[in-house]
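Number of protein chains: 2
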Amino acid sequence: MMDDRLDATFASLADPTRRAILARLAQGEATVNELAEPFAMSLPAISRHLKVLERAGLISRGREAQWRPCRLEAAPLKDIANWVDHYRRFWDASFDRMADYLKELQTPKGDQDDRKN
Amino acid sequence: MMDDRLDATFASLADPTRRAILARLAQGEATVNELAEPFAMSLPAISRHLKVLERAGLISRGREAQWRPCRLEAAPLKDIANWVDHYRRFWDASFDRMADYLKELQTPKGDQDDRKN
DNA sequence: TTGTTAATTAACTAACTCGCTAAATACGAC
DNA sequence: GTCGTATTTAGCGAGTTAGTTAATTAACAA
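Sequences listed follow chains B and G, in order. To convert, note that position 55 of the first sequence is 129 in this note's numbering; the numbers rise steadily by one, no gaps. To convert, note that position 35 of the second sequence is 109 in this note's numbering; the numbers rise steadily by one, no gaps.
Written as structure tokens, this is what we have:
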């Protein structure tokens, strides 16, 4: 919606570790230790990446005993998809198919944002 | 394609001034001064934003006399769109429509990238 | 040559990011 | 309480970013 949210979302996604974390969470919830396991990086570093993702609204966290399971929250990604779709005509040969696609996208509700993209 | 390019693209898009510049360029080529005009910011600042966008491959620049017209280059945006589409199912109710869409996207050539997203 | 406009580079500051290690907190088990 | 595991916070250092003003380069015009 607002500019700041796009800022935070894009900034969060600019780090390969954070994108990998999201990819992992796309397969289901995971704890911090589980998320950290694939990386040659300290646990505090991962914890920080998770905080960045949380602030951007890209993940949420539960509380089960001493574990804080993380789950993917895709709403900001939808904003990104809406934003980038405005540029689709610049790489997509078929104009009309894009029009169809955008129309489809808008059917559920008018939750697109055009101002100050 | 490679991870680094996604990094650079996302990082470039994390700034509202740069997104606004891209939005302006979506309407056609423009010189540095024209691009700077809407902003309460010095010309060197704009010049640097343009350099960031250029390094990310999001714009290219010509040379006409003392003007250096900028033009939008959308290829990196396509990468973004491809990346974010992997998460479409997390906000889109219709699974099957997404599958169709992705199939469409892949038809022209296999220029998608899945590794290390 | 001199002047004007367009754009970049240089040098600087303030603020932020990302990694680390060490210490602290939170919870469950004993 | 004490122990062990999970996670976060604190503090540090290196590197980057985004802005500034002043100086410089590039091209055209007279």
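Every residue, glycine too, gets a C-beta built ideally from N, C-alpha and C.
Does the CB of residue i have a neighbour CB from chain G at under 9 Å?
i: B/ALA88; result: yes
i: B/ILE120; result: no
i: B/LEU151; result: yes
i: B/PHE84; result: yes
i: B/LEU80; result: yes
i: B/LEU117; result: no
i: B/ALA155; result: yes
i: B/VAL106; result: no
i: B/ALA110; result: no
DSSP on residue i, reduced to helix/strand/coil?
i: B/ARG79; result: helix
i: G/ALA110; result: helix
i: B/TRP165; result: coil
By alpha-carbon positions, which one of the options ends up nearest to residue i?
i: G/ASP77; options: G/ALA130, G/GLN140 and G/ARG93; result: G/ALA130
i: G/ARG135; options: G/LEU151, G/VAL106, G/PRO112 and G/ASP166; result: G/VAL106
i: G/ARG92; options: G/LEU124, G/ASP159, G/GLN140 and G/VAL158; result: G/LEU124
i: G/ILE133; options: G/ARG122, G/PRO90, G/SER116 and G/ARG145; result: G/ARG145
i: G/TYR161; options: B/ASP89, B/ALA82, B/ALA100 and B/PRO90; result: B/ALA100
Using beta carbons (cut-off 9 Å, strictly below), is residue i in contact with chain B?
i: G/ARG135; result: no
i: G/VAL124; result: For the sequence presented, residue 124 of chain G should be read as Leu rather than Val. Not an interface residue.
i: G/ILE95; result: no
i: G/PHE113; result: no
Since residue i and residue j are thought to touch, with beta carbons under 8 Å apart, how far apart are those beta carbons, to the nearest angstrom?
i: G/PHE164; j: B/ALA148; result: 3 Å
i: B/GLU103; j: B/PRO143; result: 5 Å
i: G/ASP159; j: G/LEU80; result: Going by Cβ atoms, the distance from G/ASP159 to G/LEU80 rounds to 13 Å, so no, they are not a contact pair.
i: B/ARG98; j: B/LEU109; result: 6 Å
i: G/ILE95; j: G/LEU127; result: 7 Å
Every unbroken alpha helix (DSSP H) within the segment 86-154 of chain B, with a cutoff of 4 residues, ordered by chain
Correct list: 90-99, 106-110 and 117-129.
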